[in-house]
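Visitor: Residue numbers (my numbering), protein chains in the order written: chain A, 532 to 668; chain B, 532 to 668; chain C, 532 to 668.
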Amino acid sequence: MVATFQLSTDGNRAIDITDEIAAAITDSGVAEGIAVISLPHTTASLGIISFPDPLGLVDVMDEVSRLVPTRIDFKHQHDTPQDAAGHIKSTLIGTTLSLIVTGSAALLGHSQKVYFMEHDGPRKRQVHVQVLGQVGA
Amino acid sequence: MVATFQLSTDGNRAIDITDEIAAAITDSGVAEGIAVISLPHTTASLGIISFPDPLGLVDVMDEVSRLVPTRIDFKHQHDTPQDAAGHIKSTLIGTTLSLIVTGSAALLGHSQKVYFMEHDGPRKRQVHVQVLGQVGA
Amino acid sequence: MVATFQLSTDGNRAIDITDEIAAAITDSGVAEGIAVISLPHTTASLGIISFPDPLGLVDVMDEVSRLVPTRIDFKHQHDTPQDAAGHIKSTLIGTTLSLIVTGSAALLGHSQKVYFMEHDGPRKRQVHVQVLGQVGA
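1. Could you tell me which residues DSSP pairs with Met648 of chain C in its beta bridges?
2. Give me the DSSP bridge partner(s) of Phe605 of chain B.
3. Could one say the Cβ of His567 of chain C lies closer than 7 Å to chain B's Cβ atoms, at least one of them?
4. Residues bridged to Phe536 of chain B by DSSP?
5. Please list the partners that Ser559 of chain B has in chain C, where partner means a Cβ-to-Cβ separation under 8 Å.
6. So, are the CB atoms of Val561 of chain C and Gly664 of chain C less than 7 Å apart?
7. Determine which residues share a DSSP beta bridge with Thr622 of chain C and list them.
8. Quick check: is the beta carbon of Leu638 of chain B nearer than 7 Å to any beta carbon in chain C?
9. Please list the residues of the segment 619–631 of chain B that have a C-beta atom closer than 8 Å to any C-beta atom in chain C, keeping them in chain order.
10. Terminal residues of the continuous beta strand (DSSP E) containing Gly564 of chain B?
11. Assuming Phe536 of chain B contacts Val658 of chain B (C-beta within less than 8 Å), just tell me the rounded distance between them.
12. Quick one: which chain A residues come within Cβ less than 7 Å of Phe605 of chain B?
13. Which one or two residues does DSSP pair with Ile631 of chain A in a beta bridge?
14. Is the distance from the Cβ of His641 of chain B to the Cβ of Ala575 of chain B below 7 Å?
15. Tell me whether the segment 604–612 of chain A and the segment 579–597 of chain C touch, counting them as touching only if at least three CB pairs, one residue from each stretch, are closer than 8 Å.
16. Consider the Cβ of Thr601 of chain A: report whether some Cβ of chain C lies at a distance smaller than 7 Å.
17. Residues of chain B with a CB under 8 Å from the CB of Ile552 of chain A: which are they?
18. When the cut-off is 7 Å and only beta carbons count, does Leu570 of chain A lie next to chain B?
19. Just tell me which of C:Pro571, C:Asp547, C:Met532, C:Arg544 has its CA closest to the CA of Asp558 of chain C.
20. Looking only at DSSP bridge pairs, what is Ala637 of chain B linked to?
21. From the DSSP output, which residues share a beta bridge with Gln643 of chain C?
22. Going along chain B, which residues have a C-beta under 8 Å from Gly542 of chain A?
23. Flag Asp667 of chain C as yes if its beta-carbon sits less than 7 Å from any beta-carbon of chain A, otherwise no.
24. Please classify Val599 of chain C: does DSSP put it in a helix, a strand, or coil?
Printed below as a string of structure tokens:
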């Protein structure tokens with residue numbers, strides 16, 4: 532029942548995954564219900580971001596790194612400072628997201644898209660989608 | 532199946548939408564399940580906030596603006612600085628929220644209410660509610 | 532249908548509640564679906580955090596307190612400064628969380644655990660779990 536798709540990140544950017552989520556909802560056959568998106572990762576997060584201006588995506592990622600700077604004095608020292616900062620960003624922004632499904636599609640505003648926010652790339656990543664509700668036409 | 536209600540914001544405040552959500556849950560007929568609340572906007576967010584002291588709501592909104600200051604050097608320059616900052620606040624706090632529904636009502640603590648957090652008002656806004664679960668008495 | 536479990540916090544730490552959530556999912560009998568975790572509190576939050584290094588948990592809690600410092604000039608003055616800061620942390624990080632349930636278990640990555648993040652302890656606390664989906668083997 533869970534759909535899973537893969538992506539490869541080439542750095543710390545916000546990557547549009549709206550189409551992949553739409554495909555998972557279509558494949559589920561659910562017309563009215565909800566979808567839960569979930570990442571199995573601890574240095575990435577999910578965000579709904581305004582897409583018309585690509586520079587706005589850069590602002591969001593920049594601000595996250597301004598708020599949680601990559602520095603060398605984290606207590607977690609098993610990995611890189613980017614990894615340590617990524618754990619914090621991932622927890623604060625979140626790795627799961629619920630969407631309303633209606634008319635066999637995710638209910639998003641006209642400026643909204645769903646993004647995979649990479650905080651410790653480049654990496655191979657996965658996204659899980661679970662859709663629940665009434666199967667419809 | 533999706534319920535939608537409107538609100539008009541008169542500035543950047545936290546607006547109590549608990550009663551509107553309760554009405555949507557009642558109308559759905561669902562006794563035990565979950566509700567997903569979703570905003571189609573990119574400069575607003577949803578928060579569960581302690582309501583007994585109205586000054587606490589001001590603290591939350593003030594702190595959000597202290598963390599993401601409205602400044603003129605965002606890369607996104609198509610709109611106002613308030614709009615650019617609002618996109619970031621909206622993504623970080625989130626535009627969707629899942630609530631547990633039990634006894635035909637949202638399960639909230641005695642000090643919790645659900646708020647629409649406006650970051651780029653005044654505006655006309657919408658809130659969507661999808662309720663899933665067992666229809667009951 | 533809602534499962535509730537108790538915990539006592541001995542300070543402001545991240546407390547692993549993964550096993551309690553797993554038990555609630557098992558008890559629900561749901562094989563494929565979703566789980567919504569919800570706190571009835573306004574000075575605590577839920578986070579999915581990397582668990583292998585306990586110092587990473589300390590980093591997350593430290594960073595939250597660096598971002599929202601406990602200070603005496605909040606407008607909310609009915610309680611302690613720790614309580615006023617806790618309300619803000621609780622709203623920004625969030626008190627509800629959706630998990631995918633598959634194979635009668637929460638779908639988590641190999642480094643992920645679910646944590647109760649206490650921002651105003653020590654306290655007696657509750658966690659609610661609602662599971663929805665197809666009952667299975």
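Built from N, CA and C at the ideal position, the CB exists for glycine as well.
Being a predicted model, the structure only gives us computed values, none of them experimental.
Guide: Reading from the atomic positions:
1. C:Ala545, C:Ser576
2. Answer by DSSP bridge pairing: none, since Phe605 of chain B is not bridged.
3. Contrary to the premise, residue 567 of chain C reads as Val rather than His in this sequence. Yes - at least one Cβ of chain B is within 7 Å of the one on Val567 of chain C.
4. DSSP output for Phe536 of chain B lists B:Val658 as bridge partner(s).
5. Here the premise fails: no neighbours, minimum Cβ distance about 14 Å.
6. yes
7. Thr622 of chain C is not bridged to any residue.
8. yes
9. Leu623, Ile624, Gly625, Leu628, Ser629, Leu630, Ile631
10. Note, Gly564 of chain B: beta strand (DSSP E), 561–569.
11. 5 Å
12. Asp590
13. A:Ile565
14. no
15. yes
16. no
17. Per Cβ cutoff of 8 Å: no residues; Ile552 of chain A is ~13 Å from chain B at best.
18. no
19. In this structure, C:Met532 is the residue among C:Pro571, C:Asp547, C:Met532, C:Arg544 with its C-alpha nearest to the C-alpha of Asp558 of chain C.
20. B:Val632
21. C:Ser581
22. Result: empty, since nearest Cβ-Cβ is about 16 Å, beyond 8 Å.
23. In the sequence as displayed, the identity of residue 667 of chain C is Gly instead of Asp. It does not; no Cβ of chain A falls within 7 Å.
24. Val599 of chain C: coil per DSSP, three-state reduction.
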